[in-house]
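K.L.:
Once you've had a glance at the structure underneath, I'll fire off some questions.
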Amino acid sequence: MAKDTVEVLIEGGSATPGPPLGPALGPFGINMMQVVDEINKKSADFAGMKVPIKVTIDRDTRDFEIEIGTPPTTALIMQELGIEKASHEPGLDIVNDLPIETALKIARMKFDSLLSNDYKAGVKEVMGTCVSMGLSVDGKDPREAQKDVDAGKYDDILVE
């Protein structure tokens, strides 16, 4: 029962037997179209975003299991705000503003893969991503917004 795992980053709903999937799975001799079809079915909700995919293959039976991860926090933020790219100079150039409600929505989507124990800390993690993307949060620097979360200013919004 030897198992191998292949991890790739693919645009949701549009996997093909070509690179990066084909060369990674080719040596295992599994039916590539079955894998591609299942990945596309499972990742259709993330169309237009890069999604981490984990394919676990049983070498003996050639059976496979597919796990779809959540897209990176930056991809979720960019989709929610409808922006193409983040700032080239994050400390100087602010490209958009992330409402606290949207930060909570993203924290809920990513909660299983965040390091946080509660949504309050998860929202602070999402705000930390905003720092490196050149975004403000509720019209302020994300670090200031994080301090406001600590001070309890958003407790009415950040309920479990």
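If you're matching positions, the sequence shown starts at 1 in full-length UniProt numbering and goes up one per residue. Cβ atoms here follow ideal geometry from the backbone N, Cα and C, with glycine treated the same way.
Taking only runs that begin and end inside the segment 75-125, name each unbroken beta strand (DSSP E) of 3 or more residues, in chain order.
P.N.:
Fully enclosed beta strand (DSSP E) runs of 3 or longer: 96-98.
K.L.:
Going by C-alpha distance, which of 24, 123, 5 is nearest residue 54?
P.N.:
Here the closest residue by C-alpha is 5.
K.L.:
Run through the DSSP bridge pairs and tell me what residue 61 is partnered with.
P.N.:
Answer is none; residue 61 lacks a bridge partner.
K.L.:
Looking at the structure shown, is residue 45 part of a helix, part of a strand, or coil, going by DSSP?
P.N.:
Helix.
K.L.:
Got a sec, what are the start and stop residues for the beta strand (DSSP E) residue 148 sits in?
P.N.:
Not the beta strand (DSSP E): residue 148 falls in the alpha helix (DSSP H), residues 142-151.
K.L.:
From which residue to which residue does the beta strand (DSSP E) around residue 9 run?
P.N.:
It spans 3-11 - the beta strand (DSSP E) in which residue 9 sits, taken as one unbroken run.
K.L.:
If you draw a straight line from the C-alpha of residue 129 to the C-alpha of residue 64, how long is it?
P.N.:
About 34 Å.
K.L.:
With distances taken from CA atoms, which of 104, 131, 41 is nearest residue 143?
P.N.:
Ranking 104, 131, 41 by Cα distance to residue 143 puts 131 first.
K.L.:
Residue 17 by DSSP, collapsed to three states: which one?
P.N.:
Coil, per DSSP.
K.L.:
As a quick exercise: from 19, 62, 110, pick the residue whose alpha carbon is nearest that of residue 9.
P.N.:
Of the candidates 19, 62, 110, the one whose C-alpha sits nearest the C-alpha of residue 9 is 19.
K.L.:
Can you tell me which of the three DSSP states residue 52 falls into?
P.N.:
Residue 52 falls in the strand class under three-state DSSP.
K.L.:
Cβ of residue 134 within 8 Å of Cβ of residue 89?
P.N.:
Yes.
K.L.:
Residues bridged to residue 66 by DSSP?
P.N.:
BP columns for residue 66 point to 55.
K.L.:
Can you tell me the Cβ-Cβ gap for residue 107 and residue 80, rounded? I've got them flagged as a contact below 8 Å.
P.N.:
Between residue 80 and residue 107 the Cβ distance is about 12 Å, and since that is not below 8 Å, they are no contact.
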